[in-house]
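Structure, as C-alpha cells:
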Amino acid sequence: MKTKAHFREEILSKRNALSKDEIDAKSTVIAMRLLDMPEFMDAKTIFAYASYNSEVSTKYFIKKALNLGKKVCVPKVDFKTGDMWPVLISAYENLKPNENGIPEPGRFAASFDPMKVDLILVPGSVFDLQGHRIGSGKGFYDKYLHTYKNHAAVIGLAFDFQIVDDIPEEPHDKEVHKIITEKRIINCKIN
Numbered sequence: 033m034k035t036k037a038h039f040r041e042e043i044l045s046k047r048n049a050l051s052k053d054e055i056d057a058k059s060t061v062i063a064m065r066l067l068d069m070p071e072f073m074d075a076k077t078i079f080a081y082a083s084y085n086s087e088v089s090t091k092y093f094i095k096k097a098l099n100l101g102k103k104v105c106v107p108k109v110d111f112k113t114g115d116m117w118p119v120l121i122s123a124y125e126n127l128k129p130n131e132n133g134i135p136e137p138g139r140f141a142a143s144f145d146p147m148k149v150d151l152i153l154v155p156g157s158v159f160d161l162q163g164h165r166i167g168s169g170k171g172f173y174d175k176y177l178h179t180y181k182n183h184a185a186v187i188g189l190a191f192d193f194q195i196v197d198d199i200p201e202e203p204h205d206k207e208v209h210k211i212i213t214e215k216r217i218i219n220c221k222i223n
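Take any residue in the sequence shown, count from 1 to its spot, add 32: that is its number in the numbering used here.
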C-alpha cells in the first residue's frame, strides 16, 4: 500500500493543478449539497474550516450559513502547541491570513465552546470510503476530533478525485462520518 506521504503528494499535485474557476465551480456544487443536508439544517452552530490555496472553498458556504442565521465558527490555530479551537465569526470578510496564509480571526478573537458545535467541516488531502483522511500532516484536526468528534456530525469536503478506496491509518487518526464531493455524498462505512 502507498504511504500517506505518497497519497498526499499525488493527490495534492492534482488539486493544485485546478484553476480558480474550477475550484469555485466544484466548491459551489459541494456547498449546495451541504446546504440541503439534514446535518446542516438541524445545526445551530457550525465549525467550518476557512479554505486556502486549492482546498474546497468554504467561502460561499460560510457566507450563506451566516445569512441563514447559523452561528459559524472557524479555526484559530496555535502552531507551537498544535492546538486548534473554534472562534465565532460574524462575517467572512473579517478573516485575515495568518503567517501560513490560512484565513482566521484576529488574535484577540474569543473562543467558542466546542461542546456547543453541531457540525464540523473538515478539510483533507485524501479521504477513503471508510472516512479516514490524510490532512496536511500537522495533526490539528486529528487532535481536535479526538476530543470533540462524538459531540457533532463530522463531514469532510473534497473534490471527487481526492477519494480513494483505502488509505493507511494510524491510531491517532480520526474519521469523518460523511464526505461531500461535487459528484456524490459518501456515508462512510466505518461510522
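Think of the CB as a built atom: it goes at the ideal place given N, C-alpha and C, for glycine as much as any other residue.
Since we're looking at a predicted model, the values are computed, not measured.
- Remark: C-beta atoms of P118 and F79 approach each other more closely than 7 Å.
- Burial of A97 is indicated by the presence of at least 16 other C-beta atoms within 10 angstroms of its C-beta.
- Ranked by Cα distance from K170, the options I217, D192, D115 and G163 are led by D115.
- Secondary structure in the region 50-124: the beta strand (DSSP E) runs of 3 residues or longer, each lying completely within the stretch, are 77-80, 103-110 and 115-121 in chain order.
- With respect to K148, T77 sits close: the two C-beta atoms are nearer than 7 Å.
- Shown here, S45 sits in a helix according to DSSP, grouped into three states.
- Less than 7 Å divides the Cβ of L120 from the Cβ of C105.
- Look at the beta carbons and you see the region 130-138 not touching the region 57-75: under three pairs across the two are nearer than 8 Å.
- Boundaries cannot be given for F140, as no beta strand (DSSP E) includes it and DSSP labels it neither H nor E.
- Non-local C-beta neighbours of H204 in its own chain, meaning closer than 6 Å and more than five positions away in sequence, comprise D174, ordered along the chain.
- Nearest in C-alpha terms to I217, of all of F93, E202, I195 and E201, is I195.
- Taking a 10 Å sphere around the C-beta of H209, we find 16 or more other C-beta atoms and assign the residue as buried.
- For I94 and D74, the gap between their C-alpha atoms comes out near 16 Å.
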